[in-house]
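In the UniProt record's numbering, the protein residues as written are 1 to 277.
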C-alpha cells in the first residue's frame, strides 16, 4: 500500500483528522469522502490505486467518525461537513497549486460530494459518486417515524458479495456499530432536501457508479436523485449483482478501472478545453 501520513485541523464542530497519501509529482489531486459510520482508513486500497494512477489523495474522517472528534456517528448539519471538506481542499491546493482536483464520494460521502459540487464544482476537474445517498432514502423516514430507533446492527452481507468485507467491517473498532442517532437522521432529511433544491452540476464531468442489487442505498431512488442534480456531462456504470460497496465488491478492480479511465478522460478533456462525452 502507498505510504500515508496524518494531520489534524480545527473543523466546524471539533478537531478533524485527515489522512494524506502523497505523490511527489501528481497529475491530479483527489479528495476522498467516506460514508456513514465508517472512516477514511477503509478506503486505503482505493487511495493506493489512485496514487499508482498518478494522484495525491486526501481523505478526512468526518466529525463523529474515525479519529475525528465528536459524539460517535453524530452529524447535526451536513453543511458543516461540506465546510470541513472545503478546508481539506484548501490544504490540498496549497500543497499542489495548479493541479486538477477530483472529488470522489461513497454513500453518505456521495451525498456530501454532490452538495460540494453544487457549491464548489466550478473549481473541480471531475466528480465521482459511488452508491450516493441522494434523492429519497426510505430508511431515514422509516426510522424517524419510530418513537425509539432500534439498535439493529447492519447486515454485513449488504456491503459486498465478498463475505470477508462484511466480516472485517463488523470487527473494525473505528466503524460505528450502534443505532442511527435522531439528529443525524434529521440532518440527512435536511441535506437531501437541500440537494434537491440546490441546482445541477452544470458542465462538471460526473461519473455515477452503483451496484444493481444494492440493498442499503437502492438504485432506483438514487437514480431519481441523480436525474435532479445531473449536469450536461454524466456517465454511469451500473454493475449487475453489485451490492453497496463497489470499491469493495468482488469486481472492485473493474469498478476502479472505470473510475481511473473516467478521470483520464476528464483530465484529457480539461487539457483540451473540450468535452469528450
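From the three backbone atoms N, C-alpha and C, an ideal C-beta is built for every residue, glycine too.
Since the model is a prediction, treat every value here as computed from it, not as a measurement.
Residue i: which of the options sits nearest, CA to CA?
i           : options            : result
residue 24  : 69, 82, 72, 53     : 53
residue 116 : 51, 204, 151       : 204
residue 199 : 231, 7, 144        : 231
residue 130 : 261, 255, 263, 265 : 255
residue 157 : 243, 55, 45        : 243
residue 160 : 142, 211, 188, 110 : 211
residue 71  : 220, 181, 29       : 181
Residue i by DSSP, collapsed to three states: which one?
i           : result
residue 1   : coil
residue 49  : helix
residue 152 : coil
residue 13  : coil
residue 72  : coil
residue 40  : helix
residue 225 : helix
residue 133 : coil
residue 86  : helix
residue 275 : Unreliable positioning characterises residue 275 in this predicted model, as indicated by a pLDDT of 43, which lies under 50. The coordinate reading is nonetheless provided below. Correct three-state label for residue 275: coil.
So, using beta-carbon positions, are residue i and residue j closer together than 8 Å?
i           : j           : result
residue 201 : residue 101 : no
residue 76  : residue 183 : yes
residue 92  : residue 58  : yes
residue 65  : residue 39  : yes
residue 87  : residue 11  : yes
residue 237 : residue 257 : no
residue 119 : residue 82  : yes
residue 29  : residue 99  : yes
residue 234 : residue 125 : no
residue 26  : residue 55  : yes
Rounded to a whole number of angstroms, what is the C-alpha to C-alpha distance between residue i and residue j?
i           : j           : result
residue 207 : residue 265 : 11 Å
residue 105 : residue 31  : 8 Å
residue 176 : residue 164 : 18 Å
residue 272 : residue 144 : 49 Å
residue 246 : residue 94  : 31 Å
residue 189 : residue 111 : 11 Å
residue 301 : residue 214 : Any answer about residue 301 is impossible in this case: the structure gives the chain only from 1 up to 277.
residue 47  : residue 2   : 8 Å
residue 41  : residue 90  : 21 Å
residue 4   : residue 22  : 7 Å
residue 44  : residue 252 : 13 Å
residue 80  : residue 239 : 32 Å
If you drop the 5 nearest sequence neighbours on each side, which residues of the same chain put their C-beta closer than 6 Å to that of residue i?
i           : result
residue 139 : none
residue 260 : 53
residue 60  : 16, 18, 88
At a threshold of 7 Å, does residue i count as lining the ligand GDP (C-beta to nearest heavy atom)?
i         : result
residue 2 : Looking for the ligand GDP in the displayed structure turns up nothing, as the structure carries no ligands at all.
Which residues in the same chain as residue i place their Cβ atom closer than 8 Å to its Cβ, once the five residues preceding and following it in sequence are excluded?
i           : result
residue 152 : 179
residue 185 : 140, 143, 144, 149
residue 196 : 135, 225, 228, 229
residue 262 : 126, 128, 205, 207, 235
Using a Cβ-Cβ cut-off of 7 Å (strictly less than) and excluding sequence neighbours within five positions of residue i, which residues of its own chain qualify?
i           : result
residue 108 : 35, 36, 133
residue 169 : 156, 159, 175
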